[in-house]
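Read the structure below first, then the notes.
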Amino acid sequence: MAEILQQLILDTLDDKTAINDTRDLTLPGQSGPAVSHDAQITILGALNSLLSRDMISYETHEISSHILTPEGAQIINEGSHEARVWSALPEKGAGPPLSPLQLKKQVGDETAKVGQGRAFKNGWIGKDGDGLVKLISMIQDDTQIDLQEISSTGTLKSGEKVLADLRKRKLIIQRKGQWFSVQKGPSFSTSTAKPETDLTADMLTSGAWKTSTFKKYNFEAEGVPVDSGALHPLLKVREEIRSIFLEMGFAEMPTAAFVESGFWCFDALFVPQQHPARDLQDTFYLSDPAKSLLPEPNYYKLVSTIHEHGGFGSTGYRAPWNHEESTKLLLRTHTTASSAHMLYKLAAKCRGEEVGGGEGEDTHGTSMTAGNPGKGEHDDGFRPAKLFSIDRVFRNETMDATHLAEFHQVEGVVADRGLTLADLIGFMRVFFKKMGIEQVRFKPAYNPYTEPSLEIFAFHPMLNRWVEVGNSGMFRPEMLEPMGFPKDVRVHGWGLSLERPTMIRYGINNIRTLVGHKVSLEGIKNSPAVMF
């Protein structure tokens, strides 16, 4: 069939020079012109085959037509619902009015339901007591006439308004179609013999290659995309955030310890031992091993004393210290536990101790300092620092559109003298702007280890609401001074979500489609590396 159709197109072009409208073609085995939608699809395949050999060129012309639904076809045969209702009623004064129930029995429920309203609107029928009667003796069924015209021509001269009404009543369906105008190409011929695509050994031996026609190579054609791995959107945003921190002069903290003790996760941060965050409903505890080793004894004693009795200007929590609570092993609920380790090491020189791994470095070799103080005014060993980390944390959360039990936290601290809350807000605005998130809000909050504290919200355009993306504040003296920091040292701390900014950046409205078994592999492959 394809070759016969191609030959028909070529012969017609040879005879007429051009084909102005492929709907005028008469297909093989067909008595009339090729006007149907399916016929034009068949013609398109033949045209593309000839086009690939430069035998023809063609232009596509779009056309819109309408076909009847089964209900529309029924109206052509039986009349519209309103006309059938009118026909079933007696004229006013010529007989007893017909009740709505009697009308339903005569014309059917659907016809009575649809037809009454339109017949009333047209002024064809009216009420007479409790029944219905004709108000006029003659009608013109415009709906039936319009559908007859559409059935024969596919369109309607009376205009789009009537067509829209018929579509709304589900009497017709709009269908997009196309037809083509065809011209001769540079390699036009009436022969449909396909050119050779390969030069074979047999052709070289026989010499047939000398008289053969070969298909041209298309050097402009794009190759087949290579199926390869792709970075997950979380990894892309993680790398961008990491680059922003490094650009702003931060050093990266080691955060490989997923398992922490209750001391470093809570006690060292001045979180009370009675805090609900320590409950099984919020924290995953380990059963084997269940206990951790104690930290340095003097520091442990200082922390337990300030919790139970106060100190460094604080009254403490005035609650008995529970040694068992402090030694429990758990999956860390925040990477602030790692920040506490790093701050304790940063304060070592202030305590008159040497830090393992070299001066100004932690045991992993990460530089903790971000500048040197001037000599003379302060000679207490403190060095300013800017540190960050991006890693996993675990919380016993109920999963929903914006919460997971395992997620990533973007942690950061800035330690220096004379820092204020305004410095923290200014930094957060600059940081999120570099991420492409302009709409940021801050709300006062309570954290056991920061005072003052701020919750950070960003606007999610897909959810059309503000979403909490992080928490921040200035670490309390009760946390810093037992570590050995001088009284005038202030430390900014913040913990941001990685998943929620990623959702905002990539227009994802459910966090469960970002990670887990519902992730779209195609979406991962196609997600852009940079969103701004």
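Residue numbers for the sequence shown follow this note's numbering, so the first one is 24 and each next one is one higher. The beta carbon of each residue, even a glycine, is placed where N, CA and C say it ideally should be.
Taking the C-beta atoms as reference points, W147 is found no nearer than 8 Å to I168. In this structure, the CA atom of L67 is about 56 Å from the CA atom of L155. When C-beta atoms of the region 403-415 are compared with those of the region 354-369, three or more pairs fall below 8 Å, so the two segments count as touching. Annotated as distal: A135 and W109, with beta-carbon spacing of 8 Å or more. P295 has its alpha-carbon roughly 14 Å from the corresponding atom of T350. Taking the Cβ atoms as the reference, L292 lies roughly 6 Å from M502, within the contact range of under 8 Å. In the same chain as I99, and ignoring 5 residues on each side of it, the C-beta atoms closer than 8 Å to its own belong to L91, Q167, L170, Q171 and S174, in chain order. Membership of M276 in any beta strand (DSSP E) is not indicated, and neither H nor E is assigned to it by DSSP. The beta carbons of S204 and I32 sit about 12 Å from each other, so the pair does not count as a contact at 8 Å. Here DSSP, grouped into helix, strand and coil, assigns G95 to helix. Between P471 and V492, the CB-CB gap reaches or exceeds 8 Å. In the three-state reduction of the DSSP assignment, M497 falls in the strand class, which pools E and B. Between P475 and G496 a beta carbon distance of about 6 Å is seen, short of the 8 Å cut, so the two are scored as contacting. Taking K239 as reference, the option from S210, R265 and L257 with the minimal CA-CA separation is S210. When beta bridges are read from the DSSP output, K457 appears opposite no residue. Residue environment: T278 is assigned as buried (16 or more neighbouring CB atoms within 10 Å of its CB, all protein chains considered).
Excluding the 5 residues flanking it on each side, L186 has same chain C-beta neighbours closer than 6 Å at L179, in chain order.
Note that the region 433-449 touches the region 511-526; at least 3 beta-carbon pairs, one per stretch, sit closer than 8 Å. Contact check for P51 against I27 passes: the beta carbons are separated by less than 8 Å. Restricting attention to alpha helix (DSSP H) runs no shorter than 4 residues, the region 305-359 encloses them at 320-331 and 346-350, ordered along the chain. Note on geometry: alpha-carbon atoms of T358 and H431 lie some 9 Å from one another.
According to DSSP, residue pairing for G149 in a beta bridge involves V156.
Two segments are said to touch when three or more pairs of C-beta atoms, one from each, lie closer than 8 Å; by this definition the region 314-321 does not touch the region 264-274. Here the C-alpha atom of E263 lies approximately 60 Å from the C-alpha atom of D47.
The three-state reading of DSSP puts N100 in helix, counting H, G and I together. Secondary structure of H255 (DSSP, three-state): coil. Going by beta carbons, V433 and M451 fall outside the 8 Å limit.
Within the region 481-529, the complete alpha helix (DSSP H) segments at least 4 residues long are 500-503 and 522-529, listed from N- to C-terminus. Contact between Y529 and S550 holds: their C-beta atoms lie close to 6 Å from each other, under 8 Å. When the alpha-carbon of D290 is set against those of E347, V247, Q29 and D61, the nearest one is in E347. Proximity to C373 across W344, W489, G404 and L353 peaks at G404, based on C-alpha coordinates. Non-local C-beta neighbours of G102 in its own chain, meaning closer than 8 Å and more than five positions away in sequence, comprise S110, D164 and Q167, ordered along the chain. DSSP places L48 outside any alpha helix (DSSP H), giving it a letter other than H or E. Of the residues assessed, I79 falls on the buried side of the cut-off, its CB having 16 or more other CB atoms within 10 angstroms. Judged by their CB atoms, L352 and A313 are nearer to each other than the 8 Å cut-off. F450 carries a helical assignment under DSSP once its states are collapsed to helix, strand and coil.
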